[in-house]
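Residue numbers (our numbering), protein chains in the order written: chain C, 1 to 482; chain V, 483 to 532.
Ideal Cβ placement from N, Cα and C applies to all residues, glycine included.
Structure record follows, encoded as structure tokens.
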Amino acid sequence: MMGGILLLPIIVAVIYREIDTIPFFLIGASLAFILGSLLNHFLETKKEMELKHAVVMVAVGWLLAPVLASIPIWLSNATASYLHASFESLSGFTGTGLTVATDIDHLSHSINFLRHFLQFVGDGIGIIVVSLSILGKTKISSVLAFKGEAKELGIRPSIVRTSRIIIGIAITFLIVGTILFAAAGIKEGLNPGTAIFDGLNHSMTGYATGGFSTRSQNLLFYHSVWVEVAAIVTMIIGALNFNLHYAILGGKRKEILKNIEVRILFFSLLALGFLVSANLIFSNLYTSPDSLFRKGIFHVISGQTTTGFQTAPPQHFMLLWPVFSMIVISIAMILGGCANSTSGGIKMVRIGILFKSIVREVRQTLLPRSAVVRGTFHNIEDTPITDTMIKGAAVIAMGYIVLFTFGTMITVAHGYSVESSMFETSSALGNVGLSSGITSPSMPFVVEVTYMFLMWAGKLEIIAVLVLMGFIILGLRKGIKK
Amino acid sequence: MALRKFSILAFLKKNFDFITGVLGEIGLTVLIMGAALAICLLLVFVKSVI
Numbered sequence: 001m002m003g004g005i006l007l008l009p010i011i012v013a014v015i016y017r018e019i020d021t022i023p024f025f026l027i028g029a030s031l032a033f034i035l036g037s038l039l040n041h042f043l044e045t046k047k048e049m050e051l052k053h054a055v056v057m058v059a060v061g062w063l064l065a066p067v068l069a070s071i072p073i074w075l076s077n078a079t080a081s082y083l084h085a086s087f088e089s090l091s092g093f094t095g096t097g098l099t100v101a102t103d104i105d106h107l108s109h110s111i112n113f114l115r116h117f118l119q120f121v122g123d124g125i126g127i128i129v130v131s132l133s134i135l136g137k138t139k140i141s142s143v144l145a146f147k148g149e150a151k152e153l154g155i156r157p158s159i160v161r162t163s164r165i166i167i168g169i170a171i172t173f174l175i176v177g178t179i180l181f182a183a184a185g186i187k188e189g190l191n192p193g194t195a196i197f198d199g200l201n202h203s204m205t206g207y208a209t210g211g212f213s214t215r216s217q218n219l220l221f222y223h224s225v226w227v228e229v230a231a232i233v234t235m236i237i238g239a240l241n242f243n244l245h246y247a248i249l250g251g252k253r254k255e256i257l258k259n260i261e262v263r264i265l266f267f268s269l270l271a272l273g274f275l276v277s278a279n280l281i282f283s284n285l286y287t288s289p290d291s292l293f294r295k296g297i298f299h300v301i302s303g304q305t306t307t308g309f310q311t312a313p314p315q316h317f318m319l320l321w322p323v324f325s326m327i328v329i330s331i332a333m334i335l336g337g338c339a340n341s342t343s344g345g346i347k348m349v350r351i352g353i354l355f356k357s358i359v360r361e362v363r364q365t366l367l368p369r370s371a372v373v374r375g376t377f378h379n380i381e382d383t384p385i386t387d388t389m390i391k392g393a394a395v396i397a398m399g400y401i402v403l404f405t406f407g408t409m410i411t412v413a414h415g416y417s418v419e420s421s422m423f424e425t426s427s428a429l430g431n432v433g434l435s436s437g438i439t440s441p442s443m444p445f446v447v448e449v450t451y452m453f454l455m456w457a458g459k460l461e462i463i464a465v466l467v468l469m470g471f472i473i474l475g476l477r478k479g480i481k482k
Numbered sequence: 483m484a485l486r487k488f489s490i491l492a493f494l495k496k497n498f499d500f501i502t503g504v505l506g507e508i509g510l511t512v513l514i515m516g517a518a519l520a521i522c523l524l525l526v527f528v529k530s531v532i
């Protein structure tokens with residue numbers, strides 16, 4: 001699977017006559033094939049997989065895949081070290097978008113395509129989804145692995161059919177996004193070839209809510225409101241639930257207004273956008289409506305959809321932006337987009353469940369003891385809120401808060417300001433990619449490794465990481481007893 | 483031959499739900515952008531009054 005992903009950029013290398021990069025992809029793909037075959041040979045068992053095994057497999061797979069994908073990035077000298085290449089690759093796969101590449105503007109087209117393609121495959125669709133749709137495995141292990149990747153979809157009874165529908169939806173919006181970005185690029189004077197290449201790459205990372213760009217200044221490079229509008233369209237669509245896409249594209253258009261996640265996303269984007277814009281205008285940083293929209297609102301949308309497209313230099317966040325705006329955007333990054341979407345963070349449906357459970361508790365307290373208060377929410381169908389749902393949402397939200405505190409403390413300990421540390425930690429943990437300048441080729445080793453851990457844990461929604469740790473501890477205990 | 487038989491009307495009819503679905507999702511993003519822009523205009527107005 002990874003071998004196949006690493007072979008695709010060769011087509012781009014041939015189109016742009018970058019023959020010197022082809023060996024890098026071949027080496028990476030060969031190592032992926034060899035490792036895959038070895039793992040298949042030594043780990044194959046006739047026993048049926050349990051949920052814990054599937055979760056551990058996915059957690060380890062999400063570490064191994066970036067390690068392999070980092071090989072061409074490292075060999076092409078796109079980053080200064082192998083650790084940086086691994087960071088770049090993990091940031092790609094998890095759809096984070098924080099970058100430590102040294103000179104993005106002069107990267108070869110094929111390596112740049114690989115960075116963006118990793119986001120589209122890793123975060124936009126999901127490695128397991130791609131594997132299932134290509135290999136066509138419908139065993140129970142596949143279903144469990146699907147769950148481990150934090151995708152619990154009920155689109156179709158067949159998991160393979162579901163996976164193919166997810167890919168179909170992704171390709172539909174990839175085409176729509178490419179047309180929008182390319183048209184905006186041509187309007188701004190780019191030659192059609194460059195506009196289409198940039199458009200394809202930005203559409204991949206926009207839909208995947210990844211945020212990598214073909215330009216070192218990210219979308220600021222274009223200074224174009226049309227490019228920013230194209231970005232907002234792809235970012236919001238990418239942050240919507242796959243089940244919702246399927247319902248809407250299948251004719252249930254009213255679902256778009258009834259859905260709990262869309263409603264919360266809509267109101268939270270506007271509420272947080274209002275807070276940031278008000279703070280920016282009253283601190284006299286941006287005073288015109290268009291600058292408020294293009295700097296304030298844009299970064300709230302980019303943050304909450306967990307994309308990470310940026311229209312302001314990272315140093316502006318660290319040096320110019322008011323602390324309040326930085327904190328609001330950090331909150332947006334932790335909240336995230338819809339469940340079963342390409343976005344990260346705690347997710348809208350969990351926020352909705354937690355909010356409704358608080359309302360339920362208050363009502364229960366106010367009403368007579370004999371009264372039974374039931375809460376429901378509408379997410380494609382009316383669903384009653386159960387205690388298990390509330391517990392699950394609370395555990396994940398708590399996990400995010402613990403890791404957020406941990407990452408912020410580590411960053412602050414390296415001499416960065418509290419607000420920049422909160423901002424960058426939220427960005428790594430929520431798989432966002434907005435940067436206040438901490439993430440760079442010269443960032444401290446410990447901070448870099450911490451952010452790698454946060455990106456990985458955030459992508460797997462923390463539980464998978466805890467299961468893996470529990471699995472390792474249990475294994476060690478058994479080993480010591482023997 | 484296949485191209486000659488192609489009718490854009492038939493294509494639109496066959497994929498009506500799909501096309502309106504895509505447009506509906508783009509419409510949602512336009513709605514969010516419009517509401518956000520209205521907030522920006524309101525804030526600039528409030529600032530100018532204050």
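query, result
"8 Å CB neighbourhood of I232/C in its chain, flanking five on each side removed", "F298, I301"
"Backbone secondary structure at D382/C - three-state DSSP", "strand"
"Amino acids of chain C, ordered along the chain, whose beta-carbon sits closer than 8 Å to that of I508/V", "V176, V233, I237"
"Members of the segment 244–260 of chain C that neighbour chain V once the beta carbon cut-off is set at 8 Å", "H245, I248, L249, G250, G251, R253, I256"
"Local Cβ density within 10 Å of T487/C, reported as buried at 16 or more and exposed below that", "Nothing can be reported for residue 487/C, as the shown portion of chain C is limited to 1 through 482."
"Whole-angstrom C-beta distance between G308/C and K407/C, which should lie under 8 Å", "The amino acid at residue 407/C is misidentified as Lys; the sequence shows Gly. Not really, about 16 Å apart at Cβ, beyond 8 Å."
"Euclidean distance between Cα positions of G503/V and S224/C", "28 Å"
"Neighbouring residues, chain C, relative to A492/V (Cβ below 8 Å)", "Those do not exist, as A492/V stays about 18 Å from chain C at its closest Cβ, beyond 8 Å."
"Cβ contact check for the segment 87–94 of chain C and the segment 105–123 of chain C: 3 or more pairs under 8 Å", "yes"
"Segments of 3+ residues assigned as beta strand (DSSP E) that fall wholly inside the segment 366–417 of chain C", "376–379, 381–384"
"8 Å Cβ cutoff, L434/C in contact with chain V", "no"
"Partners in chain V for S288/C, counting only beta-carbon separations shorter than 9 Å", "C522, V526"
"Integer-rounded CB distance, given that R360/C should sit under 8 Å from V372/C", "Not quite, the Cβ-Cβ distance comes to about 10 Å (not below 8 Å), so this is no contact."
"Start-to-end residues for the alpha helix (DSSP H) that takes in W74/C", "51–75"
"Where S283/C falls: helix, strand or coil (DSSP)", "coil"
"Contact belief for N379/C with N259/C at Cβ below 8 Å, rounded distance in angstroms", "6 Å"
"Top-ranked residue by Cα proximity to V528/V, from N279/C, Q310/C, L200/C", "N279/C"
"Boundaries (first-last residue) of the alpha helix (DSSP H) holding H202/C", "192–207"
"heavy atom of the ligand SAM below 7 Å from L39/C C-beta", "No copy of the ligand SAM occurs in the structure displayed, which carries no ligand at all."
"For L31/C, the nearest candidate out of I346/C, F181/C, I5/C (CA to CA)", "I5/C"
"Among L320/C, V328/C, L285/C, L7/C, nearest to M422/C - alpha-carbon criterion", "V328/C"
"Range of the contiguous alpha helix (DSSP H) that encloses R115/C", "109–119"
"C-alpha gap between I19/C and S213/C, whole angstroms", "23 Å"
"Own chain residues within Cβ distance below 6 Å of I237/C, not counting five before or after", "F173"
"Spatially closest choice to L1/C from F25/C, F24/C, A65/C, by CA coordinates", "Sequence check: residue 1/C is Met here, not Leu. Among F25/C, F24/C, A65/C, the Cα nearest to that of M1/C is on A65/C."
"Chain V residues whose Cβ lies nearer than 9 Å to that of G437/C", "None at all; the shortest Cβ gap to chain V is about 26 Å."
"CB of P441/C within 8 Å of CB of T102/C, strictly", "yes"
"Where the alpha helix (DSSP H) through E448/C begins and ends", "445–459"
"Nearest residue (CA-CA) to A513/V, options L38/C, V56/C, I71/C, R263/C", "Correcting the residue identity first, residue 513/V is Leu in this sequence and not Ala. Out of L38/C, V56/C, I71/C, R263/C, R263/C has the C-alpha closest to the C-alpha of L513/V."
"Members of the segment 263–280 of chain C that neighbour chain V once the beta carbon cut-off is set at 7 Å", "F266, L269, L270, G273, F274, S277, A278"
"Burial state of N243/C, where buried means 16 or more other Cβ atoms lie within 10 Å", "buried"
"Cutoff 8 Å: I104/C Cβ touching any chain V Cβ", "no"
"CB of G304/C within 8 Å of CB of L272/C, strictly", "The sequence given here has Gln at residue 304/C, not Gly. Yes, they are a contact pair."
"Test: F282/C CB closer than 8 Å to a CB of chain V", "yes"
"Assigned secondary structure, L98/C (DSSP; H/G/I helix, E/B strand, else coil)", "coil"
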